[in-house]
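Undergrad:
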Amino acid sequence: MLTNLKEQPKDKILGLMALYREDPRATKIDLGVGVYKDATGVTPVMRAVKAAERRIVEEQTSKAYTGLAGDAGYSTAMRDLLLADSVDPARIAAVATPGGTGAVRQAFELVKQANPNARVFVSNPTWPNHVSILGYLGIEVVKYRYFDTETRAVDFDGMMEDLGDITSGDVVLLHGCCHNPTGANLNLTQWQSVIDLINDKGCLPIIDIAYQGFGDGLEEDAAATRLVASSVPELLIAASCSKNFGIYRERTGLLMAISEKAESTAVTQGNLNHLNRQNFSFPPDHGARVVTTILNDPELKADWMAELEEMRTGMLALRQQLADELQRLSGSDRFGFIAEHRGMFSQIGTTPDLVEKLRADNAIYMVGDSRMNIAGLNAQSVSVLAKAIVDAGI
Ligand code: PMP
Numbered sequence: 001m002l003t004n005l006k007e008q009p010k011d012k013i014l015g016l017m018a019l020y021r022e023d024p025r026a027t028k029i030d031l032g033v034g035v036y037k038d039a040t041g042v043t044p045v046m047r048a049v050k051a052a053e054r055r056i057v058e059e060q061t062s063k064a065y066t067g068l069a070g071d072a073g074y075s076t077a078m079r080d081l082l083l084a085d086s087v088d089p090a091r092i093a094a095v096a097t098p099g100g101t102g103a104v105r106q107a108f109e110l111v112k113q114a115n116p117n118a119r120v121f122v123s124n125p126t127w128p129n130h131v132s133i134l135g136y137l138g139i140e141v142v143k144y145r146y147f148d149t150e151t152r153a154v155d156f157d158g159m160m161e162d163l164g165d166i167t168s169g170d171v172v173l174l175h176g177c178c179h180n181p182t183g184a185n186l187n188l189t190q191w192q193s194v195i196d197l198i199n200d201k202g203c204l205p206i207i208d209i210a211y212q213g214f215g216d217g218l219e220e221d222a223a224a225t226r227l228v229a230s231s232v233p234e235l236l237i238a239a240s241c242s243k244n245f246g247i248y249r250e251r252t253g254l255l256m257a258i259s260e261k262a263e264s265t266a267v268t269q270g271n272l273n274h275l276n277r278q279n280f281s282f283p284p285d286h287g288a289r290v291v292t293t294i295l296n297d298p299e300l301k302a303d304w305m306a307e308l309e310e311m312r313t314g315m316l317a318l319r320q321q322l323a324d325e326l327q328r329l330s331g332s333d334r335f336g337f338i339a340e341h342r343g344m345f346s347q348i349g350t351t352p353d354l355v356e357k358l359r360a361d362n363a364i365y366m367v368g369d370s371r372m373n374i375a376g377l378n379a380q381s382v383s384v385l386a387k388a389i390v391d392a393g394i
């Protein structure tokens, strides 16, 4: 039977990682895969994570199953981190999931349960896994304009025009902050217009938030999600702790589903639990417990916030250095967008051929859609990259 299987398309980013590993050039620069790296190229275990893990090893007395929704303390801690007091907790159902990907997957499955004919509107471009999971689940995808390849900012007029086609049975998927792959984000006035459209059309928003704390700060990055949560009747939120706690492989995510009325929360929660049960039964607990331990301990939380802030400001400094160096070498302001973008990524908006040229000539690895991971840079490689970009005529 297994001989019936067809080869699956290769994951482009994982393929790029393999090429990078095999490249013998000492000067190679990895701007591909989306993990944070410090100035020495290391993805560190954060101090507060280590401390929380030590505490868990010492104090945990059982590894029996948690609930189907995971540990309630985790949902509460994450709800407070992300939503603060923007919405009545009685309206929120939540389940722990294996990573943000698990939360995205469960969100789409919940949509399918609620309306098998729902279409999901996604930004063009978006994180490729959004599109591939939707395709896998047989859910129709509609792309809305998002990135202006001239200005490298959001094409807001195009976005609103395309979202004009959405209907009450449909879903709009939005990135809460630090848009992946472009780095271009809506401002709060634009978010308000999107909220007005959502309420006008009666569609369901899903917010995917995987980089809280990587853009303008923990509170600032949650501002749009809180604004939406306080302004719409229903909302799904898929959150990831992979990046901001640096616990990628622990698979730590949360799906929150906000119902219009508190009376509906129990049924929504039952559906979320059911989905977990069908897909993997109990969610992973270790990463969730680390997060909960940190968020509930003022000292650990302060240390985590300080380290996260160092990471964020380090990435912002690299953005500014790269923009400045490009300005100096090209004599033009056309790369100013790099300092405006937020999060780990910027899409520089060039062709796959030129991306390939940077790899072949300069051993610079970025994703084919010209997304680069800013955290893959350091003070030295910024100038190498800037020169290569200008030399390539980008
Ligand atoms: N959403 C977006 C937009 C992402 O960029 C990512 C990570 N690449 C995720 C969700 C999921 O992250 P994870 O499953 O690793 O928590």
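FYI, the numbering for the sequence shown is 1 to 394, going by the UniProt record's numbering. The C-beta atom is built at its ideal place from N, Cα and C for all residues, glycine as well. Note that the structure is predicted; figures quoted are calculated from it, not measured.
Return the residue from the list 39, 1, 146 that minimises the CA-CA distance to residue 382.
TA: Measuring from the Cα of residue 382, the nearest candidate turns out to be 39.
Undergrad: For residue 113, does the count of other Cβ atoms within 10 angstroms reach 16, so buried, or fall short, so exposed?
TA: Exposed.
Undergrad: Counting only the same chain and skipping the five closest in sequence on each side, list residues whose C-beta sits under 6 Å from that of residue 182.
TA: 147, 347.
Undergrad: Which runs of the alpha helix (DSSP H) spanning at least 4 residues fall entirely within the segment 343-367, listed in chain order?
TA: 352-362, all fully within the segment 343-367.
Undergrad: Buried or exposed: which applies to residue 332, given that a residue is buried once 16 or more other Cβ atoms fall within 10 Å of its Cβ?
TA: Exposed: under 16 other Cβ atoms inside 10 Å.
Undergrad: Tell me the rounded alpha-carbon separation between residue 25 and residue 363.
TA: Using only the alpha carbons, I get a separation of about 7 Å.
Undergrad: Checking 8 Å against the spacing of the C-beta atoms, do residue 206 and residue 107 come in under that value?
TA: In contact: residue 206 and residue 107 (Cβ atoms closer than 8 Å).
Undergrad: Just to confirm the assignment: which complete beta strand (DSSP E) runs, minimum length 3, are found wholly within the segment 177-216?
TA: The segment 177-216 contains these whole beta strand (DSSP E) runs: 204-209.
Undergrad: For residue 173, does the count of other Cβ atoms within 10 angstroms reach 16, so buried, or fall short, so exposed?
TA: It counts as buried.
Undergrad: When the Cα atoms are used, what is the spatial distance from residue 354 to residue 386?
TA: Rounded to whole angstroms, residue 354 to residue 386 spans 14 Å at the Cα level.
Undergrad: From residue 243 to residue 330, what distance separates their C-alpha atoms?
TA: Roughly 33 Å separates the two Cα atoms.
Undergrad: Enumerate, from N- to C-terminal direction, the unbroken alpha helix (DSSP H) stretches of 4 or more residues contained entirely within the segment 97-179.
TA: Correct list: 99-114, 128-136, 156-163.
Undergrad: Going by Cα to Cα distance, which pick from 271, 189, 160 is closest to residue 197?
TA: The option with the nearest alpha carbon to residue 197 is 160.
Undergrad: Per DSSP, what kind of secondary structure is residue 324 in: helix, strand or coil?
TA: Three-state result, residue 324: helix.
Undergrad: For residue 371, report the span of its alpha helix (DSSP H) as first-last.
TA: Run containing residue 371: none in the alpha helix (DSSP H); it sits in the beta strand (DSSP E), 371-373.
Undergrad: With the cut-off set at 8 Å, would you say residue 180 and residue 345 are in Cβ contact?
TA: Result yes, Cβ atoms of residue 180 and residue 345 sit closer than 8 Å.
Undergrad: Where does residue 57 fall in DSSP's three states?
TA: Looking at residue 57 - three-state DSSP - the assignment turns out to be helix.
Undergrad: Determine whether the beta carbon atoms of residue 171 and residue 195 lie at a separation below 8 Å.
TA: No.
Undergrad: Ignore the nearest five residues each way along the sequence and tell me which others in residue 395's own chain have a CB closer than 8 Å to its CB.
TA: There is simply no residue 395 to check, as the chain begins at 1 and stops at 394 in what is shown.
Undergrad: Please return the same chain residues whose Cβ sits closer than 6 Å to the Cβ of residue 158, not counting the five positions on each side in sequence.
TA: So the list reads 145, once near-sequence residues are dropped.
Undergrad: So what's residue 272 in DSSP terms, helix, strand or just coil?
TA: Helix.
Undergrad: If you draw a straight line from the C-alpha of residue 267 to the C-alpha of residue 91, how long is it?
TA: Distance between the alpha carbons of residue 267 and residue 91: 11 Å.
Undergrad: Looking at the unbroken beta strand (DSSP E) that takes in residue 257, where does it start and where does it end?
TA: Run containing residue 257: 253-258, per the beta strand (DSSP E) assignment.
Undergrad: Looking at residue 49: is its Cβ nearer than 8 Å to the Cβ of residue 209?
TA: Cβ distance not < 8 Å, so residue 49 and residue 209 don't count as in contact.
Undergrad: Near residue 16, which residues of its chain fall below 7 Å by C-beta distance, leaving aside the five closest residues on each side in sequence?
TA: Around residue 16: 32, 365, 367.
Undergrad: Is DSSP giving residue 377 helix, strand or coil here?
TA: Residue 377: coil per DSSP, three-state reduction.
Undergrad: Tell me the rounded alpha-carbon separation between residue 389 and residue 326.
TA: Distance between the alpha carbons of residue 389 and residue 326 is about 8 Å.
Undergrad: Under the DSSP definition of a beta bridge, which residues are partnered with residue 92?
TA: Its beta-bridge partners are 258.
Undergrad: Quick check: does the Cβ of residue 208 come within less than 7 Å of any heavy atom belonging to the ligand PMP?
TA: Checking every heavy atom of the ligand PMP against the Cβ of residue 208, one is found closer than 7 Å.
Undergrad: Three or more beta-carbon pairs under 8 Å between the segment 253-262 and the segment 69-81, yes or no?
TA: Contact holds: three or more Cβ-Cβ distances are below 8 Å.
Undergrad: Which same chain residues, not among the five before or five after residue 232, have their C-beta less than 7 Å away from its C-beta?
TA: Cβ within range, chain order: 195, 198, 199, 205.
Undergrad: Any heavy atom of the ligand PMP within a distance shorter than 7 Å of the CB on residue 104?
TA: It does: the Cβ of residue 104 is within 7 Å (strictly closer) of some heavy atom of the ligand PMP.
Undergrad: Measure the CB-CB distance between residue 230 and residue 86 and report whether it falls below 8 Å.
TA: In contact: residue 230 and residue 86 (Cβ atoms closer than 8 Å).
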